[in-house]
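Accompanying notes for the structure given below.
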Amino acid sequence: MRFLARLNGRFPAFLISSLAVWVAQAAAAAPEAPPIFVLNSLDASVSVVSPVDWTEKQRIATGKEPHHIYMTPDERSVIVANSAGDSLTFLNPQTAEVQRVVYGIIDPYQLQFSRDMKWFVTAGNRLNHVDIYRWDGKDLKLAKRIASGKTPSHIWIDNTSTIAYVTMQDSDELIAIDLPTQTIRWRIATGAMPADIFGIHNDKTLLVGLTGSDGVQVFDVAGAEPKLVGKIPTGKGAHAFRSAGDGKSVFVSNRVANTISRIDLATLKVGAVYPVPGGPDCMDVSADGKTLYVTSRWAKKLSVVDLVNNKLVRQVNVGRSPHGVWTLDHAKRL
Numbered sequence: 007m008r009f010l011a012r013l014n015g016r017f018p019a020f021l022i023s024s025l026a027v028w029v030a031q032a033a034a035a036a037p038e039a040p041p042i043f044v045l046n047s048l049d050a051s052v053s054v055v056s057p058v059d060w061t062e063k064q065r066i067a068t069g070k071e072p073h074h075i076y077m078t079p080d081e082r083s084v085i086v087a088n089s090a091g092d093s094l095t096f097l098n099p100q101t102a103e104v105q106r107v108v109y110g111i112i113d114p115y116q117l118q119f120s121r122d123m124k125w126f127v128t129a130g131n132r133l134n135h136v137d138i139y140r141w142d143g144k145d146l147k148l149a150k151r152i153a154s155g156k157t158p159s160h161i162w163i164d165n166t167s168t169i170a171y172v173t174m175q176d177s178d179e180l181i182a183i184d185l186p187t188q189t190i191r192w193r194i195a196t197g198a199m200p201a202d203i204f205g206i207h208n209d210k211t212l213l214v215g216l217t218g219s220d221g222v223q224v225f226d227v228a229g230a231e232p233k234l235v236g237k238i239p240t241g242k243g244a245h246a247f248r249s250a251g252d253g254k255s256v257f258v259s260n261r262v263a264n265t266i267s268r269i270d271l272a273t274l275k276v277g278a279v280y281p282v283p284g285g286p287d288c289m290d291v292s293a294d295g296k297t298l299y300v301t302s303r304w305a306k307k308l309s310v311v312d313l314v315n316n317k318l319v320r321q322v323n324v325g326r327s328p329h330g331v332w333t334l335d336h337a338k339r340l
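If you count the sequence shown from 1, position 321 lands on 327 in this note's numbering, and the numbers rise without skipping.
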């Protein structure tokens with residue numbers, strides 16, 4: 007009884023006090039959740055959003071018209087492409103600290119690394135060129151500037167790191183560039199205003215979003231010449247893709263229809279549709295695959311979709327014309 011009395015008295019109080027100190031120390035030592043970065047194209051800034059309390063914590067000034075954002079292969083930096091500022095802003099993906107700014111990158115609207123980490127490709131949306139850079143793990147060296155067609159928009163680099171596919175938004179084309187020789191292999195006509203590209207079937211098939219139409223075109227690129235083999239109706243203004251991270255499906259944003267479609271990669275049919283207001287554009291997916299982050303281009307919002315319950319759960323205020331969105335805490339992107 008005396009032992010139980012002690013447990014109910016001073017000793018438990020000491021234990022509780024010690025436990026409280028340990029919990030506080032552990033909480034202080036635990037890293038904060040990586041922020042969500044949203045590019046505000048008309049404000050020349052990046053909004054840093056907390057996924058804990060869903061507030062904008064800060065805004066970081068960038069060059070003019072930041073549109074797209076991409077991780078370095080080692081994921082130690084996230085790169086903001088400032089298309090009208092002719093520069094790249096490197097940020098720490100965990101702390102949002104500006105690491106460096108690289109100038110002299112002409113009109114980088116969209117950007118992508120090859121998977122072997124040797125090539126870095128940018129699409130010059132305003133100036134009608136595609137730039138091929140060599141990447142040594144730190145610095146960029148221009149290998150060649152290629153006259154492409156009208157308004158190069160989005161890029162997909164295949165898993166062999168030898169071909170870059172690029173859409174031409176205003177000449178309605180898809181081109182293939184040989185990276186080792188920096189020459190155009192072929193070009194093919196597409197539907198109206200082709201935008202983002204997503205490779206499937208070991209990159210033997212390409213999905214191309216048609217912003218000027220109402221769906222996604224399917225191209226067979228396994229042979230020497232590309233072939234248009236189908237179209238997936240998704241909604242007006244089909245624009246950007248994002249892998250669901252499960253290897254089974256991909257999301258496409260329908261900017262005019264104000265929806266997100268989930269395409270089943272086995273059947274190439276839409277399996278689910280999520281209403282997202284304000285002109286949904288670029289997307290990212292949480293590491294657990296349960297949450298979709300979407301920029302609502304015309305509403306100055308970051309929209310958050312609960313993929314488990316299939317509904318929009320919140321919108322976070324950001325800057326004008328939010329475009330690219332990215333977070334370190336992400337699901338697989340291929």
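C-beta: ideal position from N, C-alpha, C; glycine also.
**Exposure of N349, with buried meaning 16 or more beta-carbon neighbours within 10 Å** = The question about residue 349 has no answer, for the chain in this structure spans 7 to 340.
**CA nearest to the CA of E103, picked from L271, I112, S53** = S53
**Asked** Which residues does DSSP pair with I190 in a beta bridge?
**Response** The partner list for I190 (beta bridge, DSSP) reads I183.
**Message:** Tell me the residue span of the beta strand (DSSP E) that contains W332.
**Reply:** For W332, the uninterrupted beta strand (DSSP E) segment begins and ends at 328 to 333.
**Message:** Tell me the DSSP secondary structure of L97 in three-state form.
**Reply:** strand
**Asked** Measuring CB to CB, does S309 end up less than 8 Å from G285?
**Response** no
**Message:** Below 8 Å on the Cβ atoms is my contact criterion, and I expect D113 with G130 to pass it. Report the Cβ-Cβ distance as a whole number of Å.
**Reply:** 4 Å
**Proximal residues to R326 (C-beta, below 7 Å), its chain only, five neighbours per side dropped** = N46, L48, D49, K306
**Prompt:** Can the beta-carbon of I181 be found closer than 8 Å to that of S154?
**Reply:** S154 sits close to I181, with the two beta carbons spaced by under 8 Å.
**Asked** Closest by CA to V300, which one among V235, V324, D80?
**Response** V324
**Request:** Verify whether the separation of the beta carbon atoms of G253 and G295 is less than 8 Å.
**Result:** no
**Prompt:** Under 8 Å between C-beta atoms, does F257 make it to chain D?
**Reply:** This model lacks chain D altogether; it includes just one protein chain.
**Item:** Residue burial classification, G277 (beta-carbon count within 10 angstroms, cutoff 16)
**Value:** exposed
**Asked** Going by beta carbon distance, what residues of the same chain come within less than 6 Å of M199, once the five residues before and after it are set aside?
**Response** Q175, T217, G218
**Request:** May I have a chain-ordered list of the beta strand (DSSP E) segments no shorter than 3 residues that lie completely inside the segment 67 to 92?
**Result:** Restricting attention to beta strand (DSSP E) runs no shorter than 3 residues, the segment 67 to 92 encloses them at 72 to 77, 84 to 88, ordered along the chain.
**Request:** Can you have a look at A170 and say buried or exposed, based on whether 16 or more other CB atoms are within 10 angstroms of its CB?
**Result:** buried
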